[in-house]
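Enquirer: In the working numbering, the protein residues as written are 510 to 640.
Structure incoming, see below.
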Amino acid sequence: MSVRCSFEDCKCAVITVDSAIKVQLPGQAAETFQLMRGATATSEQNEFLLVKDVWDFDNVGVSKQIPPGLLVDSDRAISFVWENKPWTIEKCLKYLICAECDKGPIGMVCQVKNDHESTTLYLLSLSSLTV
Numbered sequence: 510m511s512v513r514c515s516f517e518d519c520k521c522a523v524i525t526v527d528s529a530i531k532v533q534l535p536g537q538a539a540e541t542f543q544l545m546r547g548a549t550a551t552s553e554q555n556e557f558l559l560v561k562d563v564w565d566f567d568n569v570g571v572s573k574q575i576p577p578g579l580l581v582d583s584d585r586a587i588s589f590v591w592e593n594k595p596w597t598i599e600k601c602l603k604y605l606i607c608a609e610c611d612k613g614p615i616g617m618v619c620q621v622k623n624d625h626e627s628t629t630l631y632l633l634s635l636s637s638l639t640v
């Protein structure tokens, strides 16, 4: 599966994956983090592609820091299920953008945790991209 920038003048490959790991975030996630939505955004607006390693990307940039108050101001924790375990977004560090055209944000770099561990993950909003 090739995931591309949704801008007509760009369309560069952001990431190519054989087996995508998709997670569903709560309805308010895209709005909370002020992520870009493509013109063809549909019911997948809360679906995110989970990427464990930054080197898996073909063409992605890292932009400005995400204001720390976004999660604090949210009325509830943002959680998702990955590998049959519940995970909670503890902190979002940076925005992800298309490295070719600098449009975005198309996702974010997040510190996530569960009952036993914490890790850094990259979450790409599928409503911000073309699949």
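The C-beta atom is built at its ideal place from N, Cα and C for all residues, glycine as well.
All of these numbers come straight from a predicted model, not from anything done at the bench.
Does DSSP put L544 in a helix, in a strand, or in coil?
Expert: Of the three classes helix, strand and coil, the one that applies to L544 here is coil, per DSSP.
Enquirer: Between which residues of its own chain and T628 is the CB-CB distance below 7 angstroms, once the five residues before and five after are set aside?
Expert: Once the five neighbours on either side are set aside, the close Cβ partners of T628 are V621.
Enquirer: Relative to the alpha-carbon of I598, which residue among A538, G613, K520, E609 has its alpha-carbon at the smallest distance?
Expert: That would be A538, whose Cα lies nearest to the Cα of I598.
Enquirer: When we look at the beta-carbon of E609 and count the other beta-carbons within 10 Å, is it buried (16 or more) or exposed?
Expert: With 16 or more other Cβ atoms within 10 Å, it is buried.
Enquirer: Which same chain residues end up closer than 8 angstroms to I587 when comparing Cβ atoms and leaving out the 5 residues on each side of it in sequence?
Expert: Closer than 8 angstroms at Cβ, skipping near neighbours: L534, P535, Q537, A538, T541, L580, T597, I598.
Enquirer: Specify, as a first and last residue, the run of the beta strand (DSSP E) that V526 falls within.
Expert: Taken as a continuous stretch (DSSP letters only), V526 belongs to no beta strand (DSSP E), as it is neither H nor E.
Enquirer: Nearest to A522 by CA position, among F557, I606, N568, is which residue?
Expert: Of F557, I606, N568, the residue nearest in Cα terms is N568.
Enquirer: State the DSSP-derived secondary structure class of S637, mapped to helix, strand or coil.
Expert: Helix.
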